[in-house]
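Residue numbering for the sequence shown follows my numbering, starting at 1 and increasing by one per position. Note that the Cβ used here is the ideal one computed from N, Cα and C, for glycine as well.
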Amino acid sequence: SMLAIYHSHPESPARPSDEDIRMALTPGVSHVIISLADPGLPVVKSYRIDQGQVALEDINKK
């Protein structure tokens, strides 16, 4: 089973765009987004997107 989908946002923040939310068709999957807006400081965040609802996930669990 699929655990996560990832992609980058070369020029925008690490948060789901309207298109990301619209295209999120697999419930229960983490959507990892890497922002490269500041090339010296990439930002990685993960979200659950289910039926248009977006929730930030904690990816720093040990």
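Just to confirm before moving on: does the CB-CB distance between valine 54 and isoleucine 21 stay below 8 Å?
yes
How many angstroms separate the CA atom of serine 12 from the CA atom of valine 44?
12 Å
Proximity winner among Asp18, His9, Tyr47 and Pro16, relative to valine 29 (alpha-carbon distances)
Tyr47
How about proline 34 and proline 16: are their beta carbons less than 8 Å apart?
At residue 34 the sequence reads isoleucine, which differs from the proline that was named. Result no, Cβ atoms of isoleucine 34 and proline 16 do not sit closer than 8 Å.
Let's see if you can read the secondary structure: which residues bound the alpha helix (DSSP H) around aspartate 18?
18-23
Answer with buried or exposed for histidine 7, where buried requires no fewer than 16 other C-beta atoms within 10 angstroms of its C-beta.
exposed
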